[in-house]
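A quick write-up on the structure given underneath.
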Amino acid sequence: MRKTITVKGVTIGEGEPKICVPIVGGNLEQLKEEAVFLRTVDLDVVEWRVDFFEQVEDIEKVTEALAAIRTILKDIPLIFTFRSAKEGGEKEVSTHYYFQLNQTIAESGQVEMVDVELFNDEHDIKSLIHTAHQNDVYVIVSNHDFDKTPAKEEIISRLRKAQELGADLPKIAVMPKTAADVLILLDATNTMVEQYSDRPIITMSMAGRGIISRVAGEIFGSALTFGSAKKASAPGQVPVAELRNILSLINRSL
1069 MRKTITVKGV TIGEGEPKIC VPIVGGNLEQ LKEEAVFLRT VDLDVVEWRV DFFEQVEDIE
1129 KVTEALAAIR TILKDIPLIF TFRSAKEGGE KEVSTHYYFQ LNQTIAESGQ VEMVDVELFN
1189 DEHDIKSLIH TAHQNDVYVI VSNHDFDKTP AKEEIISRLR KAQELGADLP KIAVMPKTAA
1249 DVLILLDATN TMVEQYSDRP IITMSMAGRG IISRVAGEIF GSALTFGSAK KASAPGQVPV
1309 AELRNILSLI NRSL
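Under my numbering, think of the first position of the sequence shown as 1069, with each following residue one higher.
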């Protein structure tokens, strides 16, 4: 029996893939404005991409901004994500600070999920997962390849590694160069779900060519998809209203 994750009334891992929308403001006022706007959007989860935040290297400023976002988005599940530059993010920080920041947020009681990148020291990842779970916070262990689509076996290997480390939600995003690359991602997702995973996973093929992977999760096995409301945080994100309509159409057809 595959596990599901329920946060603030949203169950990830059953039915339609849940829609996550990023907040990408550079300062507190922009973040508050985005958060207020997102209350009017038909979404399930919000991800704060804190690497866009100009004061991200000041933990006190980050926690203050998070408290402001949480006040506005009281009832919406919130993912905290610092995406490193090497995986498509806006900024690079030291490994020590990266984990210090995530540990602090996991202990804050202000988020439901944190995202940690797979290509880090295993001990650091497991320590963060332990802290998060002690504070009833779920963990996404993620990997992003903006250059290519790895072989099917490698995609599955990375997802399985994330699961073995204790991720509640293993995640991978890859860049397709051909239609065949998109099929590789979808095939890997299907095989992972049918043969290896005991929990929800998140997969996507990026850019325009990969859009099918963002809408077909209920068929192939990806439990969460990312849509855009104002500014996208990754190439290929579909506007939320269109995304919801497509997901509902697929759900009704199954």
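All residues carry an ideal CB built from backbone N, CA and C; glycine is no exception.
Non-local C-beta neighbours of Pro1307 in its own chain, meaning closer than 7 Å and more than five positions away in sequence, comprise Gly1295 and Ser1296, ordered along the chain.
Between Gly1289 and Thr1257, the C-beta spacing is below 9 Å. A distance below 8 Å between beta-carbons, with the five flanking residues on each side excluded, links Leu1106 to the following residues of its chain, in chain order: Val1089, Ile1091, Val1114, Leu1141, Ile1144 and Ala1297. If you draw a straight line from the Cα of Lys1159 to the Cα of Val1124, it is about 9 Å long. Beta-bridge analysis with DSSP links Ser1210 to Glu1185 and Lys1239.
Counting every other CB atom within 10 Å of its CB across the protein chains shown gives Leu1317 a total below 16, marking it as exposed. For Arg1117, the enclosing beta strand (DSSP E) starts and ends at Val1113 to Arg1117. When secondary structure is reduced to three states using DSSP, Gly1081 falls in the coil class, being assigned neither helix nor strand. Straight through space, the alpha carbons of Val1130 and Ala1103 are spaced by roughly 15 Å. Classified as buried, Ala1284 has 16 or more neighbouring CB atoms from the shown chains inside 10 Å of its CB.
Burial of Asp1236 is indicated by the presence of at least 16 other C-beta atoms within 10 angstroms of its C-beta.
Per DSSP, reduced to three states, the secondary structure at Gly1177 is coil, with no helix or strand assignment. Counting the other CB atoms within 10 Å of its CB gives Leu1322 a total below 16, which places it among the exposed residues. In this structure, the CA atom of Glu1180 is about 8 Å from the CA atom of Asp1204. About 6 Å separates the beta carbon of Arg1267 from that of Arg1070, a gap short enough to meet the 8 Å contact definition.
One Cα belongs to Pro1218, the other to Leu1099, and the distance between them is close to 35 Å. Look at Lys1142 here: in three-state DSSP terms it is coil, with no helix or strand label. Annotation: the continuous beta strand (DSSP E) that includes Lys1086 extends over Lys1086 to Ile1091. Here the alpha carbon of Ile1287 sits roughly 10 Å from the alpha carbon of Gly1083.
Gln1178 and Arg1138 have their alpha carbons spaced roughly 7 Å apart.
With respect to the 9 Å criterion, Gly1234 and Val1261 are not classified as neighbours on the basis of their beta carbons. Secondary structure of Met1272 (DSSP, three-state): strand. Between the C-alpha atoms of Leu1254 and Ser1281 there is a straight-line separation of about 7 Å.
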